[in-house]
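The next block holds one structure in the form of structure tokens; read it before the comments.
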Amino acid sequence: MIETVLVVGGGAAGTATAILLARAGVAVDLVEATPAIGTSGSGITLQGNALRVFRDLGVLDDVLAAGYAFDEVGLRTPDGGVLAVIPDARTGGPDLPATVGMPRGEMARLLAQRAAEVGVKVRTGVRLEELSEAGEAVCDDGTRETYDLVVGADGLNSAVRAQMGVDTRPEPLGMGIWRVFTTRPESVTRTDLTYGGAAYIAGYCPTGDDSIYAYLVEDAADRTGLSPDGQLATMRELAGHYGGPWTEIRERMTDPSRVNYTWFTHHLVDGPWHRGRVVLAGDAAHSCPPTLAQGAAMALEDASVLVEEVLAGHGDLDAALTAYTTRRRERAGAVVAGSVQLARWLLDHEPPPQAGGNADVPGLMGRTAALLTQRP
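Residue 1 is where the sequence shown starts when you use full-length UniProt numbering, and the numbers rise one by one after that.
In structure tokens:
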């Protein structure tokens, strides 16, 4: 019987795991290295399979109130012309929106608030220093405790993964993404995507009645030398190559602090996701470029399946954690592979099948949607 759990990381996987365990009567400590949860990030796209987990967590109504729901996606030409408007797959079922955009920090804040409501003990500004497979954890606030289970949900550069001796690391894919968080033009009521032009992808997602995040994907470049004003100017210059709603979005891009730039990376831990009483979840176990917008959803699904297996009464913890990995690795791996494949088609300028190439984007997205509609 699991009675005490340490969750390392206050992102989607960590807080969701903590909520589900605490609600089942488990004593849960959650430590997060940053000083506060929900104070950073731009926007996030949440598809139906993520909303399905939010409903299980008891935060769906809050998410819908804080975000912007829509059920279709548009495809545009670089000059802003509409090529097609396509119904988006309802991967969470017919009773949930296809997609919700919302501020990433608000999602984190709602999950942290729910965690506190169900009794999770949250300590921010605390880093893990030492960890054993037996569940003994030492943190830099001076605490040393042994837990029945330690969940490493501490992101791409996971300290827990390193402490476990797992040498898998995120690998760069060759693309970089500019993101900006700003006010929403009235014409933006869904995600629209432009493939091609000055960037590989130009897209935006409404995140509230008066907010959006917009993004532009380019070849990976070293942008570390740019000042905040330089970053804003560079993104504005790239955005200037696109028409339609991008014209107004560009005019609203005025705050350098709302612009960020990161590289696309990907990884998938091969083999068991646990060592002894320590297990990985979310970006610590797998990550993908955002080409299929499934990063947060995969993290939330990890939490749901992990807790289901831990509470299932397998007879021993190793069996439960092995069952969790078995259920999650194939599904998460398919999303990683699909996300990477889409990015590589773009990088290679691979034409679609009707033009003699292999870039069957609709087919890939259809297969992914069919997989994600099934419960994990």
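Just so you know, even glycine gets a beta-carbon here, dropped at the ideal spot from N, CA and C.
Per the Cβ contact rule, the segment 10-24 is not in contact with the segment 63-77 (fewer than 3 Cβ pairs under 8 Å). Nearest neighbour of Asp88 by Cα position, chosen from Pro97, Val336, Leu111 and Gly80, turns out to be Pro97. By the neighbour-count criterion, in which a residue is buried when 16 or more other Cβ atoms sit within 10 angstroms of its Cβ, Pro362 is exposed. In this structure, the beta-carbon distance from Thr368 to Val340 does not fall below 9 Å.
One alpha carbon belongs to Val85, the other to Gly203, and they sit about 14 Å apart.
Judged by beta-carbon spacing, Leu173 lies within the 9 Å limit of Ala220, meaning their Cβ atoms are closer than that value. Where Met102 is concerned, the enclosing beta strand (DSSP E) starts and stops at Thr99 to Pro103. In the DSSP assignment, Arg223 falls outside any beta strand (DSSP E) and carries neither an H nor an E.
In the structure shown, the three-state DSSP call for Trp178 is strand. Between Leu216 and Ala239 a beta carbon distance of about 6 Å is seen, short of the 8 Å cut, so the two are scored as contacting. Counting every other CB atom within 10 Å of its CB across the protein chains shown gives Met235 a total of 16 or more, marking it as buried. Gly125 is the residue among Thr262, Arg250, Gly125 and Gly135 whose C-alpha sits nearest the C-alpha of Asp141. Boundaries cannot be given for Asp148, as no beta strand (DSSP E) includes it and DSSP labels it neither H nor E. When the five nearest sequence neighbours on each side are left out, the beta carbons in the same chain lying within less than 6 Å of the beta carbon of Ser158 are those of Gly152 and Ala284, in order along the chain. For the pair Val8 and Met253, the Cα-to-Cα distance works out to about 35 Å.
Inter-segment contact for the segment 289-302 and the segment 43-60 is present: three or more beta-carbon pairs are separated by less than 8 Å. Within the same chain, and ignoring the five residues on either side of Val166 in sequence, the residues whose Cβ sits closer than 7 Å to its Cβ are Val269.
Taking a contact as a CB-CB distance under 8 Å, the pair Ser257 and Pro228 counts as one, their CB atoms being some 6 Å apart. Between Arg277 and Leu149 a beta carbon distance of about 5 Å is seen, short of the 8 Å cut, so the two are scored as contacting.
Residue nearest to Gly197 within the set Gly366, Arg275, Glu218 and Glu32 is Glu218 (criterion: CA-CA distance). By the C-beta criterion, the segment 111-121 is judged to be in contact with the segment 17-36, since at least 3 inter-stretch pairs fall below 8 Å. For Lys121, the closest of Thr207, Val5 and Gly92 by C-alpha to C-alpha distance is Val5. The continuous stretches of beta strand (DSSP E) do not include Leu292, and DSSP gives it neither H nor E. Counted as a single uninterrupted DSSP element, the alpha helix (DSSP H) harbouring Leu346 occupies residues Leu317 to Leu347.
At a cut-off of 3 residues, the continuous stretches assigned as beta strand (DSSP E) that sit fully inside the segment 238-276 are 259-268.
When DSSP states are grouped into helix, strand and coil, Leu216 belongs to the strand group. Looking at Gly48, Arg123, Arg104 and Met102, the one whose alpha-carbon comes closest to that of Asp95 is Gly48. When the Cα atoms are used, Thr326 and Arg375 turn out to be separated by approximately 15 Å. When the beta-carbon positions are compared, Ser211 and Thr183 come within less than 9 Å of each other. For Arg367, the enclosing alpha helix (DSSP H) has its first and last residue at Val361 to Thr373.
The three-state secondary structure of Asp167, taken from DSSP, is coil.
For Thr17, the secondary structure class from DSSP, reduced to helix, strand or coil, is helix.
In this structure, DSSP gives Arg123 an extended state, which the three-state scheme calls strand. Under the three-state reduction of DSSP, Gly43 is assigned to strand.
Beta-bridge partners of Arg76 (DSSP): Val82. Annotation for Glu106: Ala66 place their beta carbon closer than 6 Å to its own, counting only its chain and skipping 5 residues before and after.
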